[in-house]
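**Student:** Quick one: the structure is below, and I'll ask about it shortly.
2 protein chains.
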Amino acid sequence: MGTMGTVTHRKVVPPMKTTRIVLASRPTGRPEPANFRTETVELDPPKPGQALLQTLYLSLDPYMRGRMSDAPSYAPPVEIDETMCGATVSRVLESTDPALRPGDIVLGYGGWQTHSVEYVSYLRALDPAAAPITTALGVLGMPGFTAYSGLLTIGRPQPGETVVVAAATGPVGATVGQIAKIQGARAVGIAGGPEKVALLRDRFGFDAALDHRAPDFADQLAAATPDGIDVYFENVGGPVFDAVLPRLNKFARIPVCGLVANYNDTELPPGPDRLSLLMSNVLRKSLTLRGFIQTEFLDQAGDFYPAATQWLADGRLKYLEDVVDGLDNAVPAFQGLLTGKNLGKLVIKVAE
Amino acid sequence: MGTMGTVTHRKVVPPMKTTRIVLASRPTGRPEPANFRTETVELDPPKPGQALLQTLYLSLDPYMRGRMSDAPSYAPPVEIDETMCGATVSRVLESTDPALRPGDIVLGYGGWQTHSVEYVSYLRALDPAAAPITTALGVLGMPGFTAYSGLLTIGRPQPGETVVVAAATGPVGATVGQIAKIQGARAVGIAGGPEKVALLRDRFGFDAALDHRAPDFADQLAAATPDGIDVYFENVGGPVFDAVLPRLNKFARIPVCGLVANYNDTELPPGPDRLSLLMSNVLRKSLTLRGFIQTEFLDQAGDFYPAATQWLADGRLKYLEDVVDGLDNAVPAFQGLLTGKNLGKLVIKVAE
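Spelled out as structure tokens, the structure:
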């Protein structure tokens, strides 16, 4: 124990402070500013195995709405008075572990704050020369891997099949559509508003692009899927799913990774009760509905990173980021995320 | 062509008649006697490749309710004035194909009638010495294979896991429970009424047996599944599924092969709309919901028959038949099937 010593890269620094956004109360419906509190506190110095980090970018993602609630879910909730959780790209200021040096850029899970102390073993060093560091929060990070693993493992698109995805300018949806194309499938993207719809076709190369706000959206979807739908990658729920359901082909696969349209619901919608309608579709069409969280497929991450990095380099995989300046803007930016106001992967730029 | 000749086992017989039950009109809700018509007509003599059969036993199964409707489904509907469809065990009266001789017993698809003319290539000869011939309609037939293929391919029960099935004295449910036990899982059976519940425990060896009519059924189900539910084999739908949903474990599998509780519904039930509730369970628990028809898995039939026949011989697989005498009783017997009045596999004995 300790006989080998450890090299500690440490500067003499005054007590380090962090400015953080904590959960002050659990939202009912839409999260409001009153549900959060911004405070500045002193950070404990890093213990052995830890590093002190300065947050450069904070990822904002729909799943965070679930963590604000204490309803049973796949992950424990953020506690009241606890810092809101979130993936971060940070600069190392101080490290007790020789694996990291001050100045290194890392992917971590620092949350909604300017500085954090994290265990080095949970950090992943990023190579700024390989790809822009923000991509570790989007197309090369959790959202991209969600798209990759859910589409390939559950959706299994075959050449010539039709894949439909909503929120298709978002980091999951855009990646689903482009990987579907790489697999030889036909990709139909759905988004809200003409600006996003134009991006689907022009930037991301979807074969068809639809606006779910159009009054005749269901008819447009039928026209855009003349051979029906073989894979519906479900990351929004709500009215889009209602229009998709009658278009699903026999043996269609529906990976379910998000239901953002419902996240602010405080009670079930009024009837009729369509649970039996969904089940009868599952039966009549031999559908597969499969919920998943990307962590289930982490054994595929070693395939994903090189493949996605190569596709990025080849120009076959494009991405779009919506970078909002300043941690102060995290709450309104997150509110906008839940109603689709962002254009691409939403990232808060916390520091240069 | 024809130079080899074919041996025709043919007796000189007067024109053969069949008494048959045809669909006279499509039921709205519960099928009523007025939806059917019994008539006696002359049969055309068998053409080359066909055989003339006398029906001994007619299988009645819940899927037939779907064939009475012209709503889109996995199989075309029975046409108006057409003989109601159904699997049959029959005796060969006359065959144009040397593979079958008069007196042979075959599994066919003759429908609700006393005699039929069928293509020999669609018939399967039965060995009355190997198992009672009625088992070809139940435990060793389509219902048994539905249980086997859906449970093992989609449900994939692991030793120690908990498998729940409803309509558990029926030919699918009883077989699901017993194969679950053979796989080392814990089997919880659900049925309607004390007589059936007693059978689940005493005859079929379920680890727990519950009456879905009990006012505290949901509480009983919770008590009977202390470790939650890993596989729910869905063949009924309705209130049983409502009680199962909150008990499902993470990564639970739900093969969906029938929804008999809903088959007579003429409109969706009143709200609230629980479609989003089901989807959020799929997401939060990483559930797999998978509809299927056993025909999808016919490549496993070669494994099923010897395995199930051996389990029958070993006494590890038991079955129960509810034999109703006379084709005249097919309509009321079918009405009873949709409300669970039968006790075991429902079979009409059409002739000795």
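Quick note, the sequences are listed as chains A and B, same order. The first sequence finishes on residue 352 if you use the numbering used here, and the numbering steps up by one all the way, no holes. The second sequence finishes on residue 1352 if you use the numbering used here, and the numbering steps up by one all the way, no holes. Even for Gly, the Cβ is constructed at its ideal location relative to N, Cα and C. Since the model is a prediction, treat every value here as computed from it, not as a measurement.
(1) Less than 8 angstroms between the beta carbons of residue 331 of chain A and residue 145 of chain A, yes or no?
(2) For residue 1333 of chain B and chain A, any beta-carbon pair shorter than 8 angstroms?
(3) Can you tell me whether residue 322 of chain A is helix, strand or coil according to DSSP?
(4) Using a cut-off of 9 angstroms between C-beta atoms, extract the partners of residue 296 of chain A located in chain B.
(5) Could you give the residue range of the alpha helix (DSSP H) that holds residue 1173 of chain B?
(6) Under 7 angstroms between beta-carbons, which chain B residues line up against residue 290 of chain A? List them in chain order, please.
(7) Output, in chain order, the set of chain B residues within a Cβ distance shorter than 8 angstroms of residue 256 of chain A.
(8) Tell me, please, whether the CB atom of residue 48 of chain A is closer than 8 angstroms to any CB atom in chain B?
(9) Identify the continuous alpha helix (DSSP H) that holds residue 1106 of chain B and give its terminal residues.
(10) Does chain B have any CB closer than 8 angstroms to the CB of residue 271 of chain A?
(11) According to DSSP, simplified to helix, strand and coil, what is residue 19 of chain A?
(12) State buried or exposed for residue 57 of chain A, treating a residue as buried only when at least 16 other CB atoms are found within 10 Å of its CB.
(13) Touch check for the stretch 188-206 of chain A and the stretch 157-165 of chain A: three-plus C-beta pairs under 8 angstroms?
(14) Is the shortest distance between the beta-carbon of residue 1302 of chain B and the beta-carbons of chain A less than 8 angstroms?
(15) Taking the C-alpha atoms as reference points, what is the distance between residue 1158 of chain B and residue 1184 of chain B?
(16) Please tell me whether residue 74 of chain A has its Cβ less than 8 angstroms away from any Cβ of chain B.
(17) With 7 angstroms as the limit, tell me which residues of the stretch 179-206 of chain A have their beta carbon closer than that to any beta carbon of chain B; keep them in chain order.
(18) Do residue 160 of chain A and residue 204 of chain A have their beta-carbon atoms positioned less than 8 angstroms apart in this structure?
(19) In the DSSP output, what is residue 91 of chain A paired with across the bridge?
(20) Assign residue 1262 of chain B to one of three DSSP states: helix, strand, or coil.
(21) Where does residue 292 of chain A fall in DSSP's three states?
(22) Whose CA, out of A/79, A/278 and A/207, lies closest to the CA of residue 242 of chain A?
(23) Measure the beta-carbon distance from residue 1175 of chain B to residue 1147 of chain B and round it to whole angstroms, keeping in mind my assumption that it falls under 8 angstroms.
(24) From A/333, A/18 and A/280, pick the residue whose C-alpha is nearest to that of residue 45 of chain A; which is it?
(25) Opposite residue 1162 of chain B in the DSSP bridges: which residues?
(26) Apart from the five residues just before and just after residue 197 of chain A, which ones in its own chain have a Cβ nearer than 6 angstroms to its Cβ?
(27) Any beta carbon of chain B sitting closer than 8 angstroms to that of residue 237 of chain A?
(28) Would you grab the beta carbon distance between residue 260 of chain A and residue 155 of chain A for me? Rounded to a whole angstrom, and I think it's under 8 angstroms.
(29) Which same chain residues, not among the five before or five after residue 110 of chain A, have their C-beta less than 7 angstroms away from its C-beta?
(30) Among residues of its own chain, excluding the 5 on either side of residue 326 of chain A, which ones have a beta-carbon nearer than 8 angstroms to its beta-carbon?
(31) If the criterion is Cβ atoms closer than 8 angstroms, does the pair residue 1284 of chain B and residue 73 of chain A meet it?
(32) In the DSSP output, what is residue 1254 of chain B paired with across the bridge?
(33) Taking buried to mean at least 16 other C-beta atoms within 10 Å of its own C-beta, is residue 171 of chain A buried or exposed?
(34) Below 8 angstroms, can you find three or more Cβ-Cβ pairs linking the stretch 1094-1113 of chain B to the stretch 1303-1318 of chain B?
(35) Determine, using beta carbons only, whether residue 1262 of chain B comes closer than 8 angstroms to chain A.
(36) Applying a beta-carbon distance threshold of less than 8 angstroms, which residues of chain A neighbour residue 1293 of chain B?
**Tutor:** With the structure as the only source:
(1) Cβ atoms of residue 331 of chain A and residue 145 of chain A: not closer than 8 angstroms.
(2) no
(3) It is a strand residue.
(4) 1251 and 1286
(5) 1171-1182
(6) 1288
(7) Under a criterion of Cβ atoms nearer than 8 angstroms, the residues of chain B adjacent to residue 256 of chain A are, in order, 1279, 1282 and 1283.
(8) no
(9) Not the alpha helix (DSSP H): residue 1106 of chain B falls in the beta strand (DSSP E), residues 1105-1108.
(10) yes
(11) strand
(12) Its Cβ being crowded by 16 or more others within 10 Å, residue 57 of chain A is buried.
(13) yes
(14) no
(15) Going from the Cα of residue 1158 of chain B to the Cα of residue 1184 of chain B covers about 7 angstroms.
(16) yes
(17) none
(18) no
(19) Residue 91 of chain A is bridged by DSSP to A/54 and A/105.
(20) Residue 1262 of chain B falls in the helix class under three-state DSSP.
(21) coil
(22) A/278
(23) 4 angstroms
(24) A/18
(25) B/1186
(26) 191, 209 and 211
(27) Closer than 8 angstroms: yes.
(28) No, residue 260 of chain A and residue 155 of chain A are not in contact; Cβ-Cβ is about 19 angstroms, not under 8 angstroms.
(29) These residues qualify, in order along the chain: 53, 55, 88, 90, 116 and 118.
(30) 348, 349 and 350
(31) In this structure, residue 1284 of chain B places its C-beta atom within 8 angstroms of the C-beta atom of residue 73 of chain A.
(32) B/1289.
(33) buried
(34) no
(35) yes
(36) 286
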